[in-house]
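**Q** Chains as they are written, first to last, in the numbering used here: chain A, 5 to 118; chain B, 497 to 610.
Every residue, glycine too, gets a C-beta built ideally from N, C-alpha and C.
This is the structure I have questions about; it appears just below.
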Amino acid sequence: KNQVEQSPQSLIILEGKNCTLQCNYTVSPFSNLRWYKQDTGRGPVSLTIMTFSENTKSNGRYTATLDADTKQSSLHITASQLSDSASYICVVTQRGSTLGRLYFGRGTQLTVWP
Amino acid sequence: DAMVIQNPRYQVTQFGKPVTLSCSQTLNHNVMYWYQQKSSQAPKLLFHYYDKDFNNEADTPDNFQSRRPNTSFCFLDIRSPGLGDAAMYLCATSITGGRNEKLFFGSGTQLSVL
């Protein structure tokens, strides 16, 4: 069964600290993996995309990693800011369909406290 | 400079009273999607349009219908809302639905059913 599991479900950190969010998937065949940030009451916004051959990719304070062998990805946030408080959703695209089939995780709710 | 616009942001309806949610885009994307997202859950794809071609998900209830009168607009009609239909409804677009394309989401419409 194609699934995307994220951990932890929620996380609270202090401003300025680093954190790492995890995403494990069983989607096959794999095409790519995206991390989205969803602010409360808003639609998700893409942060980064990881394809099969990519191990790590950075977007400012966000660094995503991908291990396609173990089917795991992580999103590392450096020097967290209050504005990082949001839900972070891992989305895996399945290869093989004309319109890429997407599998969403439930997200990790991150709260950054001052 | 909103590119995917959903109206209204909040919608309250009565049990069984038809309701229509709207989505418009300024991106001229070919594909438009409707997702249902319940609290702390992953977004669930209801259906999508590739141009005028309508694609329904197998498990989308008949109670949910959609219309796309032109490239820019797409509507979600709920014919007889039940209490279980209370959720955030997200509209999204992509250029052609290609596997590596990201989705552009609107801010969502939060639907309450009384």
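In the DSSP assignment, what are the bridge partners of B/L607?
**A** B/Q507 and B/A583
**Q** Applying a beta-carbon distance threshold of less than 9 Å, which residues of chain B neighbour A/N36?
**A** R595 and N596
**Q** Okay, do the stretch 7-17 of chain A and the stretch 71-78 of chain A touch, 3+ Cβ pairs below 8 Å being the bar?
**A** no
**Q** Please list, in chain order, the chain A residues whose beta carbon lies closer than 8 Å to that of B/S603.
**A** Result: G45, R46 and G47.
**Q** From the beta carbon of B/P539, is the nearest beta carbon of chain A less than 8 Å away?
**A** Output row for B/P539: interface = yes.
**Q** In terms of alpha-carbon separation, which member of B/S535, B/H525 and B/N503 lies closest to B/T592?
**A** The residue with the shortest Cα to Cα distance from B/T592 is B/H525.
**Q** Taking just the CA atoms, how far does A/N6 sit from A/G100?
**A** 14 Å
**Q** Strictly under 8 Å for the Cβ-Cβ distance: is A/I53 near chain E by that measure?
**A** Checking the listed chains, one finds no chain E in this structure; the protein chains it contains are A and B.
**Q** Starting from the beta carbon of A/T97, find every residue of chain B whose beta carbon is closer than 7 Å, and list them in chain order.
**A** R595
**Q** Nearest by alpha-carbon distance to B/T522: which of B/S562, B/T589 and B/Y529 is it?
**A** If we check each option's Cα against that of B/T522, B/T589 comes out closest.
**Q** For my contact list, A/T112 and A/L25 are in at a C-beta cut-off of 8 Å; report their separation, rounded to the angstrom.
**A** 5 Å
**Q** Provide the residue span of the beta strand (DSSP E) that contains A/Q85, from first to last.
**A** Per DSSP, A/Q85 belongs to no beta strand (DSSP E) and is neither H nor E.
**Q** With a cut-off of 8 Å, do at least 3 Cβ pairs link the stretch 565-577 of chain B to the stretch 81-91 of chain A?
**A** Output reads no: the stretch 81-91 of chain A does not touch the stretch 565-577 of chain B.
**Q** Using a C-beta cutoff of 8 Å, does A/S11 count as contacting chain B?
**A** no
**Q** Helix, strand or coil for A/Q98 per DSSP?
**A** strand
**Q** Given a cut-off of 8 Å, decide if B/V500 and B/C587 are closer than it, judged by their beta-carbon atoms.
**A** yes
**Q** Is the distance from the Cβ of A/G47 to the Cβ of B/G604 below 8 Å?
**A** Cβ distance < 8 Å, so A/G47 and B/G604 count as in contact.
**Q** Helix, strand or coil: which one does DSSP assign to B/L599?
**A** Residue state, collapsed to three classes: coil.
**Q** Using a Cβ-Cβ cut-off of 8 Å, state whether B/L523 counts as contacting chain A.
**A** no
**Q** So B/Q510 packs on B/L610, CB below 8 Å; how close in whole Å?
**A** B/Q510 to B/L610, Cβ: 5 Å. Contact.
**Q** Using the DSSP secondary-structure output, state which residues sit across from B/S518 in a beta bridge.
**A** B/N503 and B/F571
**Q** What is the rounded straight-line gap between the Cα of B/Q606 and the Cα of A/G45?
**A** 8 Å
**Q** Which of the three DSSP states, helix, strand or coil, is assigned to A/R110?
**A** In the structure shown, the three-state DSSP call for A/R110 is coil.
**Q** If you draw a straight line from the alpha carbon of B/L599 to that of A/L18, how long is it in whole angstroms?
**A** 31 Å
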